[in-house]
Amino acid sequence: MASPLRIVALGDVHGQWARVWAALRAAGAADATCEPTPAVRRGGLQVVLSGDLVHYKDAESYALAAGTERFDASDPKHLRRAARTQIRELHRFKAYAERSAGHVRVILGNHDEAVITGRYVLGTRGGLEHREFCPEVGGLPLPDELAAWFATFPRTLALADVHFAHAGPLPGMSHYDDFFYGDPDTKRWWRDKPELARQTGHRFGVYGHTVMPKGVHVDREHGFAMVDALAAREFLVLEVTGGTLEPNVVRF
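Position one of the sequence shown corresponds to residue 1 (UniProt numbering), numbered consecutively onward.
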């Protein structure tokens, strides 16, 4: 009989590292010093992040990271400060993941890919462009070791027959091209076309990309969960025992 497995799924980060660490501690996946716990290193507890490690979601978060009352995206000093704050936290999480014996994984998000390829300049809903990693306007490039780490993130992951992807279940939703940014389904499929989740052939799917302001959304009928809910202080735990799978939402 297969050993029980617990999978902790956290939504898009966007610089919310204090909440990431709080969630990991609440899940028993990290200790007080940001080290993976024995349960993680043994593999009975595994962690998956839905991606988008970089880029804050609003001007207030940028201001806090830059140590200023008001963030000015045209000021190179503000851009560099915002980049350095993220770089420091990315190094900390990278070290945590590397000490997890391969049991902490990150899905490649569209913001992560935008930083390492430079193909798109993304922005907040308020119109603030994410340029802190653009040296041509005074920002800092993502360090080579972090860019190389980002490049190892899978676009999709199958773990215990659970499908993990950043935006949704269809293959095209994991390729961040003009179609991805122009197709409303990448944000709305979970509400308008939930039946798409069954097309993966997996027994359950876990996705991010779309903010869930009321907390993690679990659709048991169609077999998926939307986990971009760190701002609501929630994450998903999947309890896998033999042929059974039980999704539970945890508030921290």
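Ideal placement from N, C-alpha and C gives every residue a C-beta, glycine not left out.
Query	Result
Please state if the CB of M226 and the CB of T210 are separated by a distance shorter than 8 Å.	yes
For the beta strand (DSSP E) containing P38, list its first residue and its last residue.	Segment 38-42 is the alpha helix (DSSP H) holding P38; no beta strand (DSSP E) there.
Where are the alpha helix (DSSP H) runs, 4 residues long or more, that stay fully inside the segment 71-120, in chain order?	76-98, 110-117
Opposite H163 in the DSSP bridges: which residues?	A158, G205
Closest by CA to E234, which one among S3, G11, R6?	G11
In angstroms with no decimal places, state the Cα-to-Cα distance between T117 and R84.	19 Å
Who are the Cβ neighbours of A27 in its own chain at under 6 Å, not counting the five residues just before and after it?	V8
So F252 is in the alpha helix (DSSP H); what residue range does that whole segment cover?	Counting along the chain, F252 falls outside any alpha helix (DSSP H), and DSSP gives it neither H nor E.
Quick check on M1: buried or exposed, where buried means 16 or more other Cβ atoms within 10 Å of its Cβ?	At M1 the pLDDT is 48, less than 50, meaning the model places this residue with poor confidence; the figure from the coordinates comes in the next sentence. With fewer than 16 Cβ atoms within 10 Å of its Cβ, M1 is classed as exposed.
I'd like to check one pair, G168 with L122: are the Cβ atoms closer than 8 Å?	no
Of the choices G109, A82, V47, H111, whose alpha-carbon is the least far from that of A97?	V47
Using the three-state DSSP reduction, which class does E60 fall into: helix, strand or coil?	helix
List the DSSP bridge partners of E234.	R251
How many Å lie between K193 and K187 at the Cα?	11 Å
Mind checking whether Y56 and H14 have CB atoms under 8 Å apart?	yes
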